[in-house]
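Everything on this sheet refers to the single structure shown next.
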Amino acid sequence: MEYGNRNFLEFSDSFEGMQGVIQLEPNKNQGNPQVNNPAPAPSKTFLDPYKGYCEVDTEIVFQRLKKTLWPFDRRKFFENKGDLYGAFWVPTTLIFIMSVAGSFANKIASSGGYIFDPKDIVITASTVYFFIFAVPAVLYFVLFTGIDIGYYDIVSLYGYSYFAFWPAAIISVINFSLLRWVAFGTASVWSGLLVSKNYYNEVQNLDEWKKYATAVASFSGYAALTLIANFYLYE
Amino acid sequence: MSDLKGNILMGSPQSQSSVNNDANSLEEPVSTTILRELKRIGYKLRCVMIPKISEDEKSKELRDWDLWGPLLLCLMLALTLSLSSDDDNTGTMIFGIVFVVVWIGSAVVTINAQLLGGTVSFFHSVCLLGYCLFPLNVAALVLAFIGNIGVVINLALVVLGLGWSTFSSIGFMAGLVPSTRKALAEYPVLLFYLFLAWFILVIS
Chain A
1 MEYGNRNFLE FSDSFEGMQG VIQLEPNKNQ GNPQVNNPAP APSKTFLDPY
51 KGYCEVDTEI VFQRLKKTLW PFDRRKFFEN KGDLYGAFWV PTTLIFIMSV
101 AGSFANKIAS SGGYIFDPKD IVITASTVYF FIFAVPAVLY FVLFTGIDIG
151 YYDIVSLYGY SYFAFWPAAI ISVINFSLLR WVAFGTASVW SGLLVSKNYY
201 NEVQNLDEWK KYATAVASFS GYAALTLIAN FYLYE
Chain B
1 MSDLKGNILM GSPQSQSSVN NDANSLEEPV STTILRELKR IGYKLRCVMI
51 PKISEDEKSK ELRDWDLWGP LLLCLMLALT LSLSSDDDNT GTMIFGIVFV
101 VVWIGSAVVT INAQLLGGTV SFFHSVCLLG YCLFPLNVAA LVLAFIGNIG
151 VVINLALVVL GLGWSTFSSI GFMAGLVPST RKALAEYPVL LFYLFLAWFI
201 LVIS
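Listed in order, the protein sequences are those of chains A and B.
The opening residue of the first sequence carries number 1 in UniProt numbering; numbering runs sequentially from there.
The opening residue of the second sequence carries number 1 in UniProt numbering; numbering runs sequentially from there.
Listed below in structure tokens is the structure:
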């Protein structure tokens, strides 16, 4: 007999005094003992929540990069959601550019006696990644409690803001100390403006100390990068 | 009263023979096993490196992925670079950096492709990226043996290796994601090999 999608088999054994119903799975295979394995369904469930944050096309990423360079726009940076693609690859590319430019600057400056120190890469990378993670964490957990901004949106914006450092890193190859300070300082201010302009409305409603703390936290990452670049990397 | 009939499967014939294969490979001499593995690695390498083979065929070849080939290539690269430095500590650090960058870099590039909507087995992609290290490996070896013969020649050699590596793997990556995101998936591959190429250049 059928009930819904499943087959039920009635049985009754008057000798033993049993009766009942056995539920059968609907006969999919038509008696075929060997079934071809279906194609393995993608089952990376631990990545799925992050997929929602990477729904961007090449066009959109380029548009966002362009927007980074002009932080005076009053509109919100992201139309609806941040993307983690830019947030990761912009700083990663920056680490690469800084390492290349740093070693290049060393080569020009010391003219032939230079020893490449791989520690530079490790320190630059650690610093950048640490701040990419920590600054949005501080902003989100400490300062923006109660305000409706997602952690990943802050991370996305912060990551994209490092795009302003690409030109600074390239210009700093020129062995002129003041130029380096100016380049990195300008980039820091530019990036900081981007972040603060975006959250200006929300920050207005915070307590006084929180407003200052937000500014300090936002600029700390850029300041650290400037210091490393000037004192360490481009020696 | 109804009769119930059915079959209990004892395992497919294919799995039976693979059990037998494993038992056999435990009994054969080590040299035979190693030679067979090396031949397999060599075959896959040849398949990946020849530009004329289409992306689909390459992808099919590497579908039964193995990480021995990439491990071999990674170790070779790390050793070559770390031995060409004079200082012991720097050498260790270089070895570590190359190792970490190759494996974590491959993982990150693969996860990136997956996040952008690609459906590919993780190890399949890591395997392909690892095998495509071969040209850069050759460039590093050549530079290590010949020495510093001039900036332009060094540069040309490394650029050649970089181009070959990137070209081999970029088609595969682009095929994984929707066409509007192709560049987003291809760029990390380029950055990965670019970093390794630059590293080879400065260390040598």
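In this text, a Cβ means the ideal position worked out from N, Cα and C, and glycines have one as well.
*Do you know offhand how far TYR199(A)'s Cα is from THR92(B)'s?*
If you number the first sequence from 1, residue 199(A) lands on position 199. If you number the second sequence from 1, residue 92(B) lands on position 92. Rounded to whole angstroms, TYR199(A) to THR92(B) spans 45 Å at the Cα level.
*Minimum C-alpha distance to LEU190(B) - residue among VAL202(B), ASP86(B), VAL159(B)*: Residue 190(B) sits at position 190 when you count from the first residue of the second sequence. Nearest C-alpha to LEU190(B): VAL159(B).
*Closer than 6 Å by C-beta to TYR193(B): which residues in its own chain qualify, once you throw out the five before and the five after it? Chain order, please.*
For the purposes of this step, residue 193(B) is taken as residue 193 along the second sequence, with counting starting at 1. Around TYR193(B): LEU162, SER165, THR166.
_The alpha helix (DSSP H) that contains LEU157(A), what's its start and end?_
Residue numbering aside, residue 157(A) sits at position 157 when the first sequence is read from its first letter. First-last of the alpha helix (DSSP H) with LEU157(A): 151 to 161.
*If you drop the 5 nearest sequence neighbours on each side, which residues of the same chain put their C-beta closer than 7 Å to that of ARG63(B)?*
Position 63 of the second sequence, counted from the start, is the residue given in the question as residue 63(B). Listed in chain order, the non-local C-beta contacts of ARG63(B) below 7 Å within the same chain comprise HIS124, local neighbours out to five positions each way being set aside.
*asked:* THR58(A) and PHE163(A) - do their beta-carbons sit closer together than 8 Å?
replied: Here the question's residue 163(A) lines up with position 163 in the first sequence. Here the question's residue 58(A) lines up with position 58 in the first sequence. Contact flag unset, no.
_Any alpha helix (DSSP H) of 4 or more consecutive residues that is wholly inside the UniProt domain "Yip1" (76 to 225) of chain A_ = As far as the UniProt domain "Yip1" (76 to 225) of chain A is concerned, its whole alpha helix (DSSP H) runs of at least 4 residues are 84 to 110, 119 to 137, 151 to 161, 165 to 171, 177 to 198, 200 to 204.
*Reduced DSSP category for ASP13(A) - H, G, I as helix; E, B as strand; rest coil*: Taking the first residue of the first sequence as 1, we reach residue 13(A) at position 13. In the structure shown, ASP13(A) sits in a strand (DSSP, three-state: E or B).
*Touching or not, the stretch 77 to 94 of chain B and the stretch 150 to 158 of chain B, by the rule of three or more beta carbon pairs under 8 Å?*
In short, these stretches do not touch, since the Cβ pair count stays below three.
*Along the chain, where does the alpha helix (DSSP H) that runs through LYS5(B) open and close?*
Locating residue 5(B) in the second sequence gives position 5, counting from the first residue. DSSP places LYS5(B) outside any alpha helix (DSSP H), giving it a letter other than H or E.
*Beta-carbon spacing of VAL182(A), SER218(A) below 8 Å*: Residue 182(A) sits at position 182 when you count from the first residue of the first sequence. Residue 218(A) sits at position 218 when you count from the first residue of the first sequence. Cβ distance not < 8 Å, so VAL182(A) and SER218(A) don't count as in contact.
*Is the Cβ of ILE111(B) closer than 8 Å to any Cβ of chain A?*
For this step, residue 111(B) is matched to residue 111 along the second sequence. At least one chain A Cβ lies under 8 Å of ILE111(B).
*Got a sec: which bits of the stretch 70 to 104 of chain B sit with their beta carbon under 7 Å from any beta carbon on chain A, in order along the chain?*
If the cut-off is 7 Å between Cβ atoms, the stretch 70 to 104 of chain B has THR90, MET93, ILE94, ILE97 near chain A.
*asked:* Just to confirm my understanding: we take LYS76(A), look at its own chain, exclude 5 residues before and 5 after, and list those with CB closer than 7 Å. What are they?
replied: Start at 1 with the first residue of the first sequence, and residue 76(A) comes out as number 76. These residues qualify, in order along the chain: ASN198.
_Measuring straight from C-alpha to C-alpha, what distance separates VAL216(A) and ALA140(B)?_
Counting from one through the first sequence, the residue named residue 216(A) turns up at place 216. Counting from one through the second sequence, the residue named residue 140(B) turns up at place 140. Answer to the nearest angstrom: the Cα atoms are 45 Å apart.
*Does the count of Cβ pairs from the stretch 38 to 51 of chain B and the stretch 127 to 137 of chain B closer than 8 Å reach three?*
Judged by Cβ distances under 8 Å, the stretch 38 to 51 of chain B makes contact with the stretch 127 to 137 of chain B, as three or more pairs qualify.
*Does the count of Cβ pairs from the stretch 144 to 154 of chain A and the stretch 166 to 186 of chain A closer than 8 Å reach three?*
Look at the beta carbons and you see the stretch 144 to 154 of chain A not touching the stretch 166 to 186 of chain A: under three pairs across the two are nearer than 8 Å.
*asked:* Within the continuous alpha helix (DSSP H) that includes TYR50(A), where are the two ends?
replied: For the purposes of this step, residue 50(A) is taken as the residue at position 50 of the first sequence. Note, TYR50(A): alpha helix (DSSP H), 48 to 51.
*Would you verify that the beta carbon of GLN16(B) is, or is not, closer than 8 Å to some beta carbon of chain A?*
As a first step, residue 16(B) is located in the second sequence; it is residue number 16 there, counting from the start. Model confidence at GLN16(B) stands at a pLDDT of 46, short of 50, so the residue's coordinates are unreliable; what they give is reported in the following sentence. The C-beta of GLN16(B) comes no closer than 8 Å to any C-beta of chain A.
*Listing by chain order, which chain B residues have their CB less than 7 Å from the CB of ASP57(A)?*
Mapped onto the first sequence, residue 57(A) falls at position 57. Neighbourhood of ASP57(A) in chain B, by CB distance below 7 Å: THR180, ARG181, in chain order.
_Straight-line Cα distance separating GLY52(A) from TYR151(A)_ = Locating residue 151(A) in the first sequence gives position 151, counting from the first residue. Locating residue 52(A) in the first sequence gives position 52, counting from the first residue. Put simply, the backbone Cα of TYR151(A) is about 14 Å away from that of GLY52(A).
*asked:* Taking only three categories from DSSP, how would you classify GLY20(A)?
replied: Here the question's residue 20(A) lines up with position 20 in the first sequence. The answer is strand: DSSP assigns GLY20(A) an E or B state.
*Using a C-beta cutoff of 8 Å, does PHE8(A) count as contacting chain B?*
What you label residue 8(A) is simply residue 8 of the first sequence in a count that begins at 1. Any Cβ of chain B closer than 8 Å to the Cβ of PHE8(A) would place that residue at the interface, and such an atom is absent.
*Name the chain A residues that come within less than 9 Å of ILE203(B), Cβ to Cβ?*
The residue given as residue 203(B) occupies position 203 in the second sequence. Neighbours of ILE203(B) on chain A, chain order: PHE116, PRO118.
*Put PHE8(A) into one of helix, strand or coil per three-state DSSP.*
Position 8 of the first sequence, counted from the start, is the residue given in the question as residue 8(A). Here PHE8(A) sits in strand by DSSP.
_Assigned secondary structure, TRP103(B) (DSSP; H/G/I helix, E/B strand, else coil)_ = Looking up residue 103(B) in the second sequence gives position 103. Of the three classes helix, strand and coil, the one that applies to TRP103(B) here is helix, per DSSP.
*asked:* Cutting at 8 Å between CB atoms, please list the residues of its own chain near LEU83(B), excluding the five before and the five after it.
replied: For the purposes of this step, residue 83(B) is identified with residue 83 of the second sequence, where counting begins at 1. For LEU83(B), where only same-chain residues beyond five positions count, the Cβ hits under 8 Å are GLY91, ALA144.
_How far does the alpha helix (DSSP H) with ALA183(B) in it extend, from its first residue to its last?_
In the second sequence, counting from the first residue as 1, residue 183(B) sits at position 183. Segment 182 to 203, the alpha helix (DSSP H) holding ALA183(B).
*Counting along the chain, where does the alpha helix (DSSP H) carrying GLY161(B) start and finish?*
Reading the second sequence from its first residue, position 161 is the one you call residue 161(B). Residue range 151 to 174 is occupied by the alpha helix (DSSP H) that includes GLY161(B).
_With the cut-off set at 8 Å, would you say SER156(A) and GLY86(A) are in Cβ contact?_
Counting from 1 along the first sequence, the entry for residue 156(A) is found at position 156. Counting from 1 along the first sequence, the entry for residue 86(A) is found at position 86. Yes, the Cβ-Cβ distance between SER156(A) and GLY86(A) is below 8 Å.
_If I follow the unbroken alpha helix (DSSP H) through ALA78(B), where does it start and stop?_
If you number the second sequence from 1, residue 78(B) lands on position 78. Taken as a continuous stretch (DSSP letters only), the alpha helix (DSSP H) holding ALA78(B) covers 68 to 83.
_Rounded C-alpha distance that separates ILE149(A) from LEU196(B)_ = Taking the first sequence and counting its residues from 1, one reaches residue 149(A) at position 149. Taking the second sequence and counting its residues from 1, one reaches residue 196(B) at position 196. Taken atom to atom, the span from the alpha-carbon of ILE149(A) to that of LEU196(B) is near 38 Å.
_Let me make sure I understand the geometry here. Which of TYR50(A), PHE88(A), LEU47(A) has the alpha-carbon closest to that of LEU65(A)?_
Indexing the first sequence from 1 puts residue 65(A) at position 65. Cα-wise, what sits closest to LEU65(A) is PHE88(A).
*asked:* Any beta carbon of chain A sitting closer than 8 Å to that of PHE195(B)?
replied: As a first step, residue 195(B) must be located in the second sequence, where it is residue number 195. For PHE195(B), the answer is yes, since a Cβ of chain A falls inside 8 Å of its Cβ.
*asked:* Our contact map puts residue 206(B) next to LEU38(B) with C-beta atoms below 8 Å; I'd like the distance itself, whole angstroms only.
replied: Because chain B is modelled from 1 through 204, residue 206(B) falls outside the range shown and cannot be assessed.
*Sequence-distant residues of its chain with Cβ nearer than 6 Å to LEU193(A) (five each side left out)*: Counting from one through the first sequence, the residue named residue 193(A) turns up at place 193. Exclusion of the five residues before and after LEU193(A) leaves PRO71 as the residues of its chain whose Cβ lies within less than 6 Å of its Cβ.
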